[in-house]
Amino acid sequence: MQKMIDKINKLKKEKNAVILAHFYQPDEIQKVADFVGDSLDLSRKAADCDADIIIFCGVHFMAGSAKILSPGKTVMIPEINAGCPMADMVTAEDIKALRKEHPNAAVVAYVNSSVEVKAECDICCTSSNAIKIVNSLPNDEIIFVPDKNLGSFVARFTDKKVIFFSGYCPVHNRIKMDDIKKAREAHPGVEILVHPECPAEVVAAADFAGSTAQIIDYASSSDKSEFVIGTEHGVLYPLEKKNPDKKFYMLAENFTCRDMKKTELSDVLECLETGKNEIEIDEEIRKKAESSLVRMLEIK
Ligand code: 13P
Ligand code: SF4
9 MQKMIDKINK LKKEKNAVIL AHFYQPDEIQ KVADFVGDSL DLSRKAADCD
59 ADIIIFCGVH FMAGSAKILS PGKTVMIPEI NAGCPMADMV TAEDIKALRK
109 EHPNAAVVAY VNSSVEVKAE CDICCTSSNA IKIVNSLPND EIIFVPDKNL
159 GSFVARFTDK KVIFFSGYCP VHNRIKMDDI KKAREAHPGV EILVHPECPA
209 EVVAAADFAG STAQIIDYAS SSDKSEFVIG TEHGVLYPLE KKNPDKKFYM
259 LAENFTCRDM KKTELSDVLE CLETGKNEIE IDEEIRKKAE SSLVRMLEIK
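Each residue of the sequence shown is one higher than the one before, starting from 9 at the first, in the numbering used here.
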C-alpha cells in the first residue's frame, strides 16, 4: 500500500493535482487526501483551489459540484459508480410540477441532487447551512428537495411554510427511536450527536444535530469525553484522530454508506495515471446550476 501512496503523492505534485475527500471516505483515502471535509467545505475548496486537476473522492453529486464551480479544471471521480441514492430521488420535472402547484414558493435544493435539479432550483444548501439559506430568502413558502428529514429539521427553525419532498438517505433514514433508547441505556449521560438526514423524531430526541463537520467540531470543542455518533462511521476517523483521548460509540451498527466506500486507492492512482472518469457537464446546464451554488456560497 505504501508504494501506491508514494506513487500517488509523486504524480499529484507532477500534475498539480489535489485530492479532495469527504469524511465518509475509507480511512486510507482520508489519509492520502489533501483536504477532507463536509459537502460545504469541499465545494468551497473546489471553487478556491489553484490546482489543475481535482480528484474528488466522494459520491457523484460532490464531484459534479466541483466541476460546476471549477469548469476550467479537470475533475475526476475515482469510482464512477459511487452515487447517492437520495440524489436520484428527485428530478427537474418534479421541481417544475411543484412550482406550478406553489407559484410563490422558492425552491431550495439540497446539494445531494443532480446537476439538472441544481439548474432548476433557486438556491442550493447543504446540511450545515440549510437553516441559514431558507431564512435568507424573501419568500414565505419554501419547496425543499429532496430530503424530507433535512426539510423537517429546517422547518423547526423557520417561520416559513416548508413544502417537503419525499426523498431520504437510505443510510440515515433507517435509524429508529429504539436506537436512541438503546444508546441512552448503554451510555447514560452521554450526548448523542446526529446528522439531520436521520428521521425527524430521532433528530429531535438527540442532543445535537449538524453536518459531518459540525458534529466533528462539536465533539472536538466539548469538554465531555464520550459521545454517541449518529452518522456514517467514516467520521470516526477524523474524530479519533483529533481527539485521541475521547471515546466515540456508534448509534447503530453497520452505519455505512456503501457508495462512499467504493473508492479505492488503486482508482485514485489510475485517475492520476490515465485521466479516467473525468466529469463532463453540458455548459448550458452547468451555468444554471452554478448560479444556485454560487448564491449558496455567497450567504455567509
Ligand atoms: P455533509 O454535508 O454533512 O458532509 O453530508 C453529506 C452527506 O451525504 C450526508 O449523508
Ligand atoms: Fe447519499 Fe446517504 Fe450516502 Fe450521504 S450517506 S452520500 S446522503 S446515500
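For every residue, glycine included, the Cβ atom is placed at its ideal position computed from N, Cα and C. Computed from a prediction, not measured in an experiment: that's the story for all the values here.
Check: Does the Cβ of C49 lie closer than 7 Å to at least one heavy atom of ligand 2?
Finding: For the purposes of this step, residue 49 is identified with residue 41 of the sequence shown, where counting begins at 1. Note that residue 49 is Asp in the sequence shown, not Cys. No, the beta carbon of D49 sits no closer than 7 Å to any heavy atom of ligand 2.
Checklist line | Contained beta strand (DSSP E) runs [length at least 3] in the stretch 199 to 277, N- to C-terminal order | finding: 199 to 202, 234 to 238, 255 to 258
Item checked: Sheet register partners of G175 (DSSP bridge) -> Looking up residue 175 in the sequence shown gives position 167. G175 is bridged to D155.
Item checked: Inter-residue Cα distance where the pair is V210 and E199 -> As a first step, residue 210 is located in the sequence shown; it is residue number 202 there, counting from the start. As a first step, residue 199 is located in the sequence shown; it is residue number 191 there, counting from the start. The straight-line gap from Cα to Cα measures roughly 13 Å.
Item checked: Start and end residues, beta strand (DSSP E) containing G72 -> Taking the first residue of the sequence shown as position 1, residue 72 is located at position 64. G72 -> not in any beta strand (DSSP E); alpha helix (DSSP H) instead, spanning 68 to 77.
Checklist line | N- and C-terminal bounds of the beta strand (DSSP E) containing L28 | finding: Residue mapping note: residue 28 aligns to position 20 of the sequence shown, counting from 1. Start and end: 25 to 30.
Check: So what does DSSP say about I13, is it helix, strand or coil?
Finding: For the purposes of this step, residue 13 is identified with residue 5 of the sequence shown, where counting begins at 1. Here I13 carries a helix assignment [DSSP, helix/strand/coil].
Note to self: Per DSSP, what are the beta-bridge partners of A117 in this structure?
What the structure shows: In the sequence shown, residue 117 corresponds to position 109, counting from 1. Looking at the DSSP assignment, A117 forms a beta bridge with C132, V153.
Item checked: Local conformation of C92 per DSSP, three classes -> For the purposes of this step, residue 92 is taken as the residue at position 84 of the sequence shown. In the structure shown, C92 sits in coil (DSSP, three-state: anything other than H, G, I, E or B).
Checklist line | For E298, the nearest candidate out of K21, P79, F216 (CA to CA) | finding: Taking the first residue of the sequence shown as 1, we reach residue 298 at position 290. For E298, the nearest C-alpha among the options comes from P79.
Notebook entry, point to check: For the putative contact between I287 and G72, defined by C-beta atoms under 8 Å, what is the C-beta separation to the nearest angstrom?
Noted result: For this step, residue 287 is matched to residue 279 along the sequence shown. For this step, residue 72 is matched to residue 64 along the sequence shown. That belief holds up - the Cβ atoms of I287 and G72 are roughly 6 Å apart, short of 8 Å.
Checklist line | Residue(s) in a DSSP beta bridge with K169 | finding: Taking the first residue of the sequence shown as position 1, residue 169 is located at position 161. Beta-bridge pairing links K169 to E149.
Next item on the list: Kindly examine ligand 2 and report whether one of its heavy atoms sits closer than 7 Å to the Cβ of V153.
Entry: Here residue 153 refers to the residue found at position 145 of the sequence shown. No, the Cβ of V153 stays beyond 7 Å of every heavy atom of ligand 2.
Margin query: Considering only their Cβ atoms, is the gap separating G238 from V202 smaller than 8 Å?
Written below: Stepping through the sequence shown from its first residue, residue 202 is reached at position 194. Stepping through the sequence shown from its first residue, residue 238 is reached at position 230. Taking 8 Å as the Cβ cut-off, V202 and G238 qualify as a contacting pair.
Check: With 16 other CB atoms within 10 Å as the buried threshold, where does D231 fall?
Finding: Mapped onto the sequence shown, residue 231 falls at position 223. By the beta-carbon neighbour count (other beta carbons within 10 angstroms, threshold 16), D231 is exposed.
Note to self: Pairs of beta-carbons, one from the stretch 108 to 120 and one from the stretch 152 to 171, closer than 8 Å: are there three or more?
What the structure shows: With contact defined as three or more Cβ pairs closer than 8 Å, the stretch 108 to 120 and the stretch 152 to 171 are in contact.
Next item on the list: Would you please verify whether the beta carbon of N157 is less than 8 Å from any beta carbon of chain C?
Entry: The question asks about chain C, but that chain is absent: this structure has only one protein chain.
Next item on the list: Determine, using beta carbons only, whether L280 and K20 come nearer to each other than 8 Å.
Entry: Taking the first residue of the sequence shown as 1, we reach residue 280 at position 272. Taking the first residue of the sequence shown as 1, we reach residue 20 at position 12. Using a Cβ distance threshold of 8 Å, L280 and K20 count as a contacting pair.
Item checked: Cutoff 8 Å; reference D60; Cβ partners in own chain excluding five residues on either side -> Along the sequence shown, read from residue 1 onward, the residue named residue 60 stands at position 52. Once the five neighbours on either side are set aside, the close Cβ partners of D60 are K23, N24, A25, K81, T82.
Check: Going straight from the alpha carbon of L259 to that of I13, what length do you get?
Finding: Position 251 of the sequence shown, counting from 1, holds the residue named residue 259. Position 5 of the sequence shown, counting from 1, holds the residue named residue 13. The alpha-carbon separation between L259 and I13 amounts to approximately 33 Å.
Notebook entry, point to check: Mind checking whether V7 and K126 have CB atoms under 8 Å apart?
Noted result: This structure gives no information on residue 7, because the portion of the chain shown stretches from 9 to 308.
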